[in-house]
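Novice:
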Amino acid sequence: MYMQIIKNKEQADAAWLDQSKKLDPLKDGISSVELLRVSGTDLDIANAARVSYGRVSEAVSERDVKLINFLMEHNHSSPFEHNQLSFRIKAPIFVTRQWMRHRMNSYNEISYRYVKVGTEFYIPQTWRFQDQDNKQSSFGAFTDETITAEYKRSLEQSYAHYNKMLEAGVCREQARAILPVATYTEFIYTCNLRSLMNFLQLRLGHGAQSEIREFAKSLLQLAFPHFPIALEAWRKKYFTTQEWEGQLHDWTDKEWEDQLKEWTDQLG
Ligand SMILES: Cc1cc2nc3c(=O)[nH]c(=O)nc-3n(C[C@H](O)[C@H](O)[C@H](O)COP(=O)(O)OP(=O)(O)OC[C@H]3O[C@@H](n4cnc5c(N)ncnc54)[C@H](O)[C@@H]3O)c2cc1C
Numbered sequence: 001m002y003m004q005i006i007k008n009k010e011q012a013d014a015a016w017l018d019q020s021k022k023l024d025p026l027k028d029g030i031s032s033v034e035l036l037r038v039s040g041t042d043l044d045i046a047n048a049a050r051v052s053y054g055r056v057s058e059a060v061s062e063r064d065v066k067l068i069n070f071l072m073e074h075n076h077s078s079p080f081e082h083n084q085l086s087f088r089i090k091a092p093i094f095v096t097r098q099w100m101r102h103r104m105n106s107y108n109e110i111s112y113r114y115v116k117v118g119t120e121f122y123i124p125q126t127w128r129f130q131d132q133d134n135k136q137s138s139f140g141a142f143t144d145e146t147i148t149a150e151y152k153r154s155l156e157q158s159y160a161h162y163n164k165m166l167e168a169g170v171c172r173e174q175a176r177a178i179l180p181v182a183t184y185t186e187f188i189y190t191c192n193l194r195s196l197m198n199f200l201q202l203r204l205g206h207g208a209q210s211e212i213r214e215f216a217k218s219l220l221q222l223a224f225p226h227f228p229i230a231l232e233a234w235r236k237k238y239f240t241t242q243e244w245e246g247q248l249h250d251w252t253d254k255e256w257e258d259q260l261k262e263w264t265d266q267l268g
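The numbers in the working numbering rise by one with no breaks, and the one at position 105 of the sequence shown is 105.
1. Any idea what DSSP makes of N163, helix, strand or coil?
2. In its own chain, which residues sit with a C-beta less than 7 Å from the C-beta of Q242, not counting the 5 before and 5 after it?
3. Quick check: L222 and K21, are their CB atoms within less than 9 Å of each other?
4. If we ignore side chains and look at the alpha-carbon of each, how far apart do W244 and S210 end up?
5. Determine which residues share a DSSP beta bridge with S106 and list them.
6. Between K90 and E186, which are expected to be in contact by the criterion C-beta below 8 Å, what is the C-beta distance as a whole number of angstroms?
7. From which residue to which residue does the beta strand (DSSP E) around Q98 run?
8. Name the DSSP beta bridge partners of Q185, please?
9. So, at 7 Å on beta carbons, what are the nonlocal neighbours of G213 in its own chain, with the 5 sequence-adjacent residues on each side left out?
10. With H, G and I counted as helix, E and B as strand and the rest as coil, what does DSSP make of L196?
11. What three-state label does DSSP hand K22 in the structure shown?
12. Buried or exposed: where does N47 fall if 16 or more other Cβ atoms within 10 Å of its Cβ makes it buried?
13. Could you tell me which of A208, C191, A59 and H161 sits nearest to S138, measuring between CA atoms?
14. Pick out whichever of T190, F87, L231 and C191 has its Cα sitting closest to the Cα of L35.
15. Could you give the DSSP three-state label for S138: helix, strand or coil?
So this is what it looks like as structure tokens:
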């Protein structure tokens with residue numbers, strides 16, 4: 001196996017310190033995915049399964065790798081739940097609406113009843129065409145200075161009206177209703193690995209909107225070094241089977257391997 005396996009908590013902690021914890025998925029200098037905390041490693045997944053036999057592994061062995069792959073293959077999912085990942089996310093409201101449909105997680109979000117909305121809005125770098133076959137989908141990328149200028153003007157107008165309403169004494173909870181779903185919001189997202197994998201499976205797929213896919217990639221990148229065996233087993237199960245082929249992430253196997261290598265190399 002070419003990748004380094006994190007065998008115990010000390011190595012996981014060291015890996016954690018080594019790697020970049022905060023990513024900007026939409027590359028606009030505003031969006032962010034920050035890994036706040038992780039508990040558990042691949043070893044805990046193996047040990048959660050081994051408790052059935054009253055056994056404990058002290059370090060990840062090749063048998064544990066096989067065990068984790070077996071669990072994944074046979075949908076024996078509960079051993080993947082004894083860990084926790086907490087992320088701080090900054091995302092446009094329309095991405096957050098999609099995100100929070102994932103119920104098997106914990107969330108806390110900034111309240112624009114308490115605080116005034118800042119001047120942070122998502123401005124796409126390129127526009128996409130509406131897909132006529134799949135009504136939820138889009139394709140391509142193009143730029144149009146007129147559209148971008150009008151989009152920005154509309155954001156500015158909304159924000160100016162928002163400010164005017166506040167100045168006129170309207171409460172924040174009502175004034176915010178005038179703002180667009182491109183407005184940035186911030187929240188804490190806490191999940192276990194099972195739920196994260198469900199999120200990734202759905203939100204890395206081609207059916208998912210490109211913006212949330214970028215967030216999903218960042219989650220995967222930050223989580224991967226902590227659970228390299230489980231996430232590789234998950235990837236093998238869902239990314240290469242016929243059922244999912246062509247629907248999921250557009251990385252080829254080679255690109256995925258290069259990506260894994262890059263992430264695991266960060267561990268030193
Ligand atoms: C590409 C895409 C398009 C979508 N389009 C739409 C749309 O047009 N409209 C819309 O409303 N939603 C849409 N969704 C949201 C989707 O229907 C799910 O609500 C969302 O993806 C969360 O998935 P989930 O239920 O698996 O996740 P979670 O809520 O985190 O649940 C995880 C798992 O727990 C179990 N579970 C959770 N709650 C229940 C329950 N009440 N009963 C039984 N089992 C449960 C299920 O096994 C579920 O897979 C879309 C999602 C995707 C990925």
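Even glycine gets a Cβ: it sits at the ideal position worked out from N, Cα and C.
Specialist: Taking the structure as given:
1. Three-state result, N163: helix.
2. The predicted position of Q242 is uncertain, since its pLDDT is 49 and thus under 50; no value can be drawn from it.
3. Yes, the pair counts as a contact, with Cβ atoms nearer than the cut-off.
4. Per-residue confidence for W244 stands at a pLDDT of 47, beneath the threshold of 50, marking its modelled position as unreliable; the derived number appears in the next sentence. Each residue's alpha carbon lies about 18 Å from the other.
5. Beta-bridge pairing by DSSP links S106 to T190.
6. Sure, about 5 Å apart at Cβ, within 8 Å.
7. Looking at the DSSP string, Q98 is not in any beta strand (DSSP E); the run it does join, the alpha helix (DSSP H), is I93 to W99.
8. Per the sequence shown, residue 185 should be read as Thr rather than Gln. DSSP, once it has assigned bridges, lists A91 as partnering T185.
9. Here the sequence assigns Arg to residue 213, which means Gly is not the residue at that position. Closer than 7 Å at the Cβ level, and outside the excluded window around R213, lie R203 and L204.
10. Helix, per DSSP.
11. In this structure, DSSP gives K22 an extended state, which the three-state scheme calls strand.
12. That one is buried.
13. The option with the nearest alpha carbon to S138 is A208.
14. Residue nearest to L35 within the set T190, F87, L231 and C191 is F87 (criterion: CA-CA distance).
15. The answer is strand: DSSP assigns S138 an E or B state.
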